[in-house]
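Read through the structure below, which is laid out as structure tokens, and then see the notes.
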Amino acid sequence: MFSNRDIKNIYCIGRNYRLHALELGNEVPEQPLVFTKPSHSATLMDGNTITLPANVGEVHFELEIVLKISDVYIAGAPIEESIDAITLGLDLTLRDVQSKLKAKGQPWLAAKGFKQSAPLGTWIPFPGEAELGNVDFKLIRNGETAQIGNAKDMLFGISELVKHIEANYGLGAGDIIFTGTPAGVAALQDGDQLEAYWGEQELGNCSVKLA
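Positions 21 to 231 (our numbering) are the ones given, in order, by the sequence shown.
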């Protein structure tokens, strides 16, 4: 059973959905925009309460498909040989902090890598790249749909992401990849109830405490 303690590297892709890039006033990238989170940022999304900082500005939710790498990617091989599971995760972001860092040209770690900034749902078997785009994923916030997305809308598909990360940074068993968020991100409020759905299957839920 794969647990958060087994995670080695957390790679994340920024601006991988055109409408999300535009909603934040960002340019659409010409190649994958990769950043990382510490493995200590991972936490469960299993009915628990996630405590987040309340004194550093807005904390935004970003729901994403997350890939689990099971083996080293070999060029030319089907990616199904390197990915064995997926889940939904939240790339939580200190948006005001990120804006200040971007203005100074500084790394995003303080805005993206804080404790509990990477809640993860239940892992399910990887359906294969072709099937991934046949299912919508969505975030329900306090009973209402906050985000809805589909892998078909990614600017860079998962094969391209895997190849790019392996070629530039290395990729191996225990690594996970947050593949980018669709439009609809917004600031969390104290007491928010969040549910992450893959099609009709709930993969995770949590409540939010700002303190």
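Ideal Cβ positions, reconstructed from N, Cα and C, are used throughout, including at glycine.
{"Asked": "Cβ shell of phenylalanine 146 (< 6 Å), same chain only, five flanking positions each side left out", "Found": "Ile103, Asp104, Ala105 and Ile106"}
{"Asked": "Span of the beta strand (DSSP E) around glutamate 100", "Found": "Neither: glutamate 100 is in no beta strand (DSSP E) and is coded neither H nor E."}
{"Asked": "Element boundaries [alpha helix (DSSP H), containing aspartate 66]", "Found": "It is not in any alpha helix (DSSP H) - aspartate 66 instead sits in the beta strand (DSSP E) that spans 66-72."}
{"Asked": "Neighbour-count burial assignment, threonine 201, 16 or more Cβ in a 10 Å radius", "Found": "buried"}
{"Asked": "Range of the contiguous alpha helix (DSSP H) that encloses histidine 60", "Found": "Unbroken run through histidine 60: none, as it is neither H nor E."}
{"Asked": "Residue of Val155, Phe176 and Ile178 minimising C-alpha distance to glycine 169", "Found": "Val155"}
{"Asked": "Segment limits, beta strand (DSSP E) that includes arginine 161", "Found": "157-161"}
{"Asked": "Residues near leucine 72 by beta carbon distance below 6 Å, same chain, minus five either side", "Found": "Val79 and Leu230"}
{"Asked": "Range of the contiguous alpha helix (DSSP H) that encloses alanine 150", "Found": "149-152"}
{"Asked": "Stretch pair the region 206-224 + the region 132-142: three plus CB contacts closer than 8 Å", "Found": "yes"}
{"Asked": "Glutamine 136 - partner residues in DSSP beta bridges", "Found": "Answer is none; glutamine 136 lacks a bridge partner."}
{"Asked": "Isoleucine 185 beta carbon less than 8 Å from that of valine 54", "Found": "yes"}
{"Asked": "For glutamate 180, the first and last residue of its enclosing alpha helix (DSSP H)", "Found": "178-188"}
{"Asked": "Beta-carbon proximity check, leucine 114 vs glycine 77, cutoff 8 Å", "Found": "yes"}
{"Asked": "Nearest neighbour of tyrosine 189, chosen from Lys132, Asp26 and Cys32 [CA to CA]", "Found": "Cys32"}
{"Asked": "Cα-Cα separation between phenylalanine 198 and glutamate 82, rounded to whole angstroms", "Found": "10 Å"}
{"Asked": "According to DSSP, residues forming a beta bridge with threonine 165", "Found": "Ile160"}
{"Asked": "Same chain only: Cβ atoms within 6 Å of tyrosine 93, ignoring 5 sequence neighbours per side", "Found": "Ser102, Val182, Glu186 and Leu191"}
{"Asked": "Secondary structure of alanine 193, DSSP reduced to three states", "Found": "coil"}
{"Asked": "Short Cβ contact (8 Å threshold) for isoleucine 99 with glutamate 149", "Found": "yes"}
{"Asked": "Classification of serine 137 by the beta-carbon crowding that lies within 10 angstroms, buried from 16 upward", "Found": "buried"}
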